[in-house]
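2 protein chains.
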Amino acid sequence: MEINLREIHSPADIKGLDVEQLYLLSEELRGALMRKLGAHGGHVGPNLGVVEATVALHYVFDAPSDKIVYDVSHQSYVHKMLTGRIDAFLDKDKYDDVTGYTCPRESEYDLFEVGHTSTSISLATGLAKARDIEGGKWNVVAFIGDASLGGGMALEALNYAPELHSNIIIILNDNQMSIAENHGALYSHLMELRNSNGKSSDNIFKALGYEYVYVEEGNDICSLVKAFRSVKDSGRAVLVHINTMKGMGLPCAETNKEEFHYTAPFDLKTGAPLSPWNAESYEDIFALRMIDKMHADKKVVTLTAGTPAAIGFGEERRGLAGSNFIDVGIAEQDCVAMAAGLAKGGARPVTGVVATFLQRAYDQLSHDVAINNLPAAFVVFYGSMFGMNDMTHLGFFDIAMVSSIPNIKLLAPATAEEFVAMLDNATDSPDGPVVIRIPGGAVRHQDRPVDTDFSKYEIVESGSEVAIIAEGPFLHTAIDAAGLMRDKGVTPTVINPRILSDVDKECLDSLRGYRRVITIEDGIVDGGFGQKVAGYLGDSEVKVTCLGLKKEFLDRFSVAEVLEENGLTPESIASMV
Amino acid sequence: MEINLREIHSPADIKGLDVEQLYLLSEELRGALMRKLGAHGGHVGPNLGVVEATVALHYVFDAPSDKIVYDVSHQSYVHKMLTGRIDAFLDKDKYDDVTGYTCPRESEYDLFEVGHTSTSISLATGLAKARDIEGGKWNVVAFIGDASLGGGMALEALNYAPELHSNIIIILNDNQMSIAENHGALYSHLMELRNSNGKSSDNIFKALGYEYVYVEEGNDICSLVKAFRSVKDSGRAVLVHINTMKGMGLPCAETNKEEFHYTAPFDLKTGAPLSPWNAESYEDIFALRMIDKMHADKKVVTLTAGTPAAIGFGEERRGLAGSNFIDVGIAEQDCVAMAAGLAKGGARPVTGVVATFLQRAYDQLSHDVAINNLPAAFVVFYGSMFGMNDMTHLGFFDIAMVSSIPNIKLLAPATAEEFVAMLDNATDSPDGPVVIRIPGGAVRHQDRPVDTDFSKYEIVESGSEVAIIAEGPFLHTAIDAAGLMRDKGVTPTVINPRILSDVDKECLDSLRGYRRVITIEDGIVDGGFGQKVAGYLGDSEVKVTCLGLKKEFLDRFSVAEVLEENGLTPESIASMV
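In order, the protein sequences belong to chains V and W. Read in order, the letters of the first sequence correspond to residues 0 to 576 in numbering that gives the first Met the number 0. Read in order, the letters of the second sequence correspond to residues 0 to 576 in numbering that gives the first Met the number 0.
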């Protein structure tokens, strides 16, 4: 008896398997998955932990007529292997044929482009309601991790779903981990449920009216199949709580769950990265500076919403930081409003946040922080086209978002020295909310002293006729472009704007006699700082060209191509004059 | 024995009262409150329901050293009466000396400007953490209604707060109502807790590790004082669940809780409005059109997140709409993502939302709706400077917010006919996400036919040299300004842009020979459609002036003054040429 993964073209191909074959299939899938993960990198722990659960899902339910929604969908690799995309996991040259998340462009088995957490139950309620309107009988399943369940949106939907009085099945994949450890009282409760084999009193899911099913052996295919069969075609809201092991089957991932949540290519035996990364990073600069600050002044607090390592705070540094490092779990809204409360209470909160997730707290930035004009600082990581490049994790919308909120200063350093000076200002002499956008790309340094009046643009190179105002990493592009222009006899003025939320009127007024002003930003042009400049200079003779990205959702793009297409290379900029 | 309200200057003045006096005080406060509410209008039911709870809070706790955070803070009138602002409730000419929400500009007893729901627990965790860092011993209290507790941010914080292992006291004011009825499984659970005198099994608060105290008589001052005293200075997270009656003491408000949540001035005896309002409204136009649509096509669904009446769906119309009208409770994130799920499932979701609350679902608009390019429609109410004017409820940031998200068409009708045509398009032939921004001010009509290619600007009046591109209500301002300009010998082209998320390049290119283009929008200039126009025309000879609001948080402003200050009157616009 043998399983040939290449013969699995759809879930129909596993429906006839017997128990023993299902066990074999799971092992084959896990082996293949590990080989790809080692060579290619990706979400290691989340996928290894759900091999059996995914097999059981597709064995019991009938996708695509039954609808399965994966939360975050970073754990959907095995799902892809079972739904016609096995080659992308077996053939090295096809590894990149699939995205790292569910993707309707790839397969009808994938319902949504997803990458942020806590959305699956809401999406499932919509699918369930649409089904009921149509009179359909298929199952709607939301597959969600314990960490994602703590996000407010998931809790809103957990509250609403039973009100449909109809089939909706939530699989709670409890692997006892977020990216790092979980935070919040819910997790003590889940532990009690696990420790009591699902029988603990004060069951939160029963309190909300769910039929509750507990599966102790969440990596055992038989237990899972039995549980899923018991709830299939239910006429009500059901929650199946499965106890799984993150990183299952790969020793280094089972042991070091945080590091192997997501990794670059690594040696399967030792866990060591194949290409060690020793470059200077803003994560390190930020974390080390914050640890110093927290040690020097107990009022300084660092916050994160579930992404400590992404802001430089691995386990060891969290230990060094102690109780002044706060991780509220995947709860960006709570995090930003808690920062507001801390600032009001006299503390000096600095929140580190990944750009794409900052948009989950727009209302808190505006309503809680900005309206109250509280001295809270936010440091944005990967707010750049040089950062993440999955469609659901893009980092180039934050300039437009933040700079239309009153009272918030949006600062964009171009170098490490400027970044540190802005961070120091924010904790040492805060005068209101500030968002500091870490520059994308490699860490750059500057020899010239940092002028700390960040409400003013900085003239980096003086010239005439043409000015280039370029923020963040593009300051260096502008300097290069200026060199090319000089070769053609034009000496442009090069300006580092530093502040993107407001224009420096004095500086712009000094350019009114110029022929042309070019703005460049590491974000979309729409709603960016360039259009503020264009608006301010709209009644002058000077021509303004705003460079940046087109307003679109790119997916797994080549930065070089995007720079070319949007005219963001030094050559292209120089050719404008 | 008598209580003289005028002698209450701070909570210290009620600390010495005995039980009988506290009863008297509550009745005096309620009487005064009713007189102001009848003559002035305001949040009637929420405040009448918490008279005793507020007295008990200030009797037991020691503000301002103890910190009390009111959720939404629309129920803080009695708090204001007890903290030095009694005259604003007794003297007609001082009624407007206080805002309708907590306001740190008014009093040190008010910690935050608040107006959106579900923020109090997060803010309180920040205050509690800041206190613990400082080594303080004061109490931190979050006062939150049952409806607000269903918002995701409140649930995130409910999860996190016990992890502080420190004093934090949540008063859950359970009046069994949202603005309208509650939605979600939590409310069945709260009912079970009430019905069992707090003893029901599967207690969700105990599951999360809270000390749980139930007060059946939440409008009885003695019961409340006893309960609050029992938890004061607790060293852990406590939840006090108080059962109160919305509208307590005023028959019309006790009976008709939804209508008397917030009202204009009314007759205390009959409940009848003092100035009946019979003008045509977009709420009616929207609701009636949607009811017709839902009756004609069961796939059409209307959604709201807790504000049905604000979008025209009072109780009677909800009955007419039936199960295709969905209220998810105060859960904007869930609402928008559920709309995405509905659209994916083949339904035609139309979500009605108040502008200031749309920003609570930025991530869902972007991540769930826009990235997936789903045919979901959103109709924005009060997105205008002519709408709400409390600092926490401003409606002029949505253009900047929505129009920087790819794939979403942001449409701005200028008349009822245009609005209806856009709404019909969205349900009958949707081709992706659309946000329709209802025009502010009085309903306007048009005789000319509606051109339904909404990707194109509409030339309303043809002229030369000068063009005015004015959206929404300002189209009519522009027409008036054009009249004044003609008197001076200039005949401007007047353009109704209709679409704000993208520029009509063809139309703008046709203006390149013009001397000046003026854009006008009912929102902030920063990040608005005007700056897109300025950016697009930046490399031409034409001068562009972007009119709209300055980027600032206004509070209880006079529209006439704001129009004047921002150069938005026909006279001011005409004077530019």
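Each residue gets a CB set at the ideal place from its N, CA and C atoms; glycine is no exception. Treat the numbers as computed from the prediction; the structure is a model and nothing was measured.
Kindly indicate which three-state DSSP category N323 of chain V falls into: helix, strand or coil?
Residue state, collapsed to three classes: helix.
What are the partner residues of G300 of chain V, as DSSP defines its beta bridges?
The question names Gly, yet the displayed sequence has Val at residue 300 of chain V. Partner(s): V:P348.
Rounded to the nearest angstrom, what separates L122 of chain W and D95 of chain W at their Cα positions?
Straight-line Cα distance between these residues: approximately 27 Å.
For chain V, is any of its Cβ atoms less than 9 Å away from the one on A332 of chain W?
For the record, residue 332 of chain W in the displayed sequence is Gln; it is not Ala. Chain V places a beta carbon closer than 9 Å to that of Q332 of chain W, counting this residue as a contact.
Contact test: I178 of chain W Cβ vs the ligand GTP heavy atom, cutoff 8 Å:
Among the ligands in the structure shown, none appear at all, so the ligand GTP cannot be discussed.
Examine chain W for any beta-carbon lying closer than 9 Å to the beta-carbon of M390 of chain V, and answer yes or no.
Yes, because at least one Cβ of chain W sits closer than 9 Å to the Cβ of M390 of chain V.
Under the three-state DSSP convention, the category K256 of chain V falls into:
Three-state result, K256 of chain V: coil.
I believe D333 of chain W touches E155 of chain V by the beta-carbon criterion, under 8 Å. Please report the beta-carbon distance rounded to the nearest angstrom.
About 4 Å separates the two Cβ atoms, so the contact holds.
Taking 9 Å as the threshold (beta carbon to beta carbon), is L157 of chain V in contact with chain W?
Interface residue, yes.
Rounded distance between the beta-carbons of L341 of chain W and G135 of chain V, thought under 8 Å:
With 8 Å as the limit, G135 of chain V and L341 of chain W do not qualify as a contact, their Cβ atoms being about 13 Å apart.
At the level of alpha carbons, what is the spacing between A339 of chain W and D367 of chain W?
Between the alpha carbons of A339 of chain W and D367 of chain W lies a gap of roughly 6 Å.
Cutoff 9 Å: F552 of chain V Cβ touching any chain W Cβ
It does; some Cβ of chain W falls within 9 Å.
Mind pulling the chain W residues with CB within less than 8 Å of E162 of chain V?
The answer, in chain order, is H182, G183, A184.
Can you check DSSP and say which residues form a bridge with I494 of chain V?
DSSP output for I494 of chain V lists V:I458, V:I468 as bridge partner(s).
By DSSP's criteria, D173 of chain V is part of a beta bridge. Which residues make up the other side?
In the DSSP output, where bridge partners are listed per residue, D173 of chain V has V:N242.
Thinking just about the alpha-carbon of each residue, which of V:F453, V:T426, V:L474, V:S463 is nearest to the one in T490 of chain V?
Of the candidates V:F453, V:T426, V:L474, V:S463, the one whose C-alpha sits nearest the C-alpha of T490 of chain V is V:S463.
Coarse secondary structure for R515 of chain V, derived from DSSP in three states
Strand at R515 of chain V.
Specify, as a first and last residue, the run of the alpha helix (DSSP H) that A87 of chain V falls within.
Residue range 86-89 is occupied by the alpha helix (DSSP H) that includes A87 of chain V.
Quick one: complete alpha helix (DSSP H) runs, 4+ long, within the segment 385-468 of chain W?
Scanning the segment 385-468 of chain W from its first residue to its last, the whole alpha helix (DSSP H) runs of 4-plus residues come out as 397-401, 415-427.
So which residues on chain W does T544 of chain V lean against when the C-beta distance must stay under 8 Å?
Here the neighbours are G537, D538.
Less than 9 Å between CB atoms is the rule here; does R497 of chain V satisfy it with respect to chain W?
Not one chain W Cβ lies under 9 Å of R497 of chain V.
Would you say the segment 557-564 of chain V touches the segment 442-462 of chain V, given that touching needs at least three Cβ pairs under 8 Å?
Judged by Cβ distances under 8 Å, the segment 557-564 of chain V makes no contact with the segment 442-462 of chain V, as fewer than three pairs qualify.
Would you kindly work out how many angstroms separate the C-alpha atoms of A399 of chain V and I437 of chain V, rounded to a whole number?
A399 of chain V and I437 of chain V: Cα-Cα distance of roughly 16 Å.
For S402 of chain W, tell me which candidate among V:A271, V:G527, V:I220, V:N255 has the shortest Cα-Cα distance.
Selection V:A271, V:G527, V:I220, V:N255 evaluated against S402 of chain W yields V:G527 as nearest (Cα-Cα).
Taking S322 of chain W as the reference, give the member of V:F377, V:L56, V:K128 with the closest Cα.
Considering only alpha carbons, the answer is V:K128.
Tell me, please, whether the CB atom of V433 of chain W is closer than 9 Å to any CB atom in chain C?
Protein chains V and W are contained in the structure displayed, whereas chain C is not.
Under a three-way DSSP split, which group does Y211 of chain V fall into?
Correct three-state label for Y211 of chain V: strand.
Who are the neighbours of Q445 of chain V on chain W, taking C-beta pairs under 8 Å?
Contact note: Q445 of chain V does not reach chain W at a C-beta cutoff of 8 Å; the least C-beta distance is about 29 Å.
Whose C-beta lies closer than 6 Å to the C-beta of L192 of chain W among residues of the same chain, with five residues either side of it excluded?
Within the same chain, and ignoring the five residues on either side of L192 of chain W in sequence, the residues whose Cβ sits closer than 6 Å to its Cβ are S199.
As a quick exercise: from W:T355, W:Y361, W:F356, pick the residue whose alpha carbon is nearest that of T355 of chain V.
Nearest of W:T355, W:Y361, W:F356 to T355 of chain V, Cα basis: W:Y361.
For chain W, check one thing: does any of its Cβ atoms lie closer than 9 Å to the Cβ of I578 of chain V?
Chain V is shown only over 0 to 576; residue 578 of chain V falls outside these bounds and no answer can be derived.
Around the C-beta of G318 of chain W, are 16 or more other C-beta atoms found within 10 angstroms, so that it is buried, or is it exposed?
Its Cβ having fewer than 16 others within 10 Å, G318 of chain W is exposed.
What's the C-alpha gap between K298 of chain W and A286 of chain W?
If you draw a straight line from the Cα of K298 of chain W to the Cα of A286 of chain W, it is about 16 Å long.
Which residue's Cα is closest to the Cα of I13 of chain V: V:N174, V:L56, V:E112?
Nearest option by C-alpha distance: V:L56.
Contact list for the segment 357-386 of chain W against chain V, Cβ threshold 8 Å:
So the close ones are Q358, R359, Y361, D362, Q363, S365, H366, D367, A369, I370, N371.
Measure the CB-CB distance between L163 of chain V and D131 of chain V and report whether it falls below 9 Å.
For L163 of chain V and D131 of chain V, yes; Cβs fall inside 9 Å.
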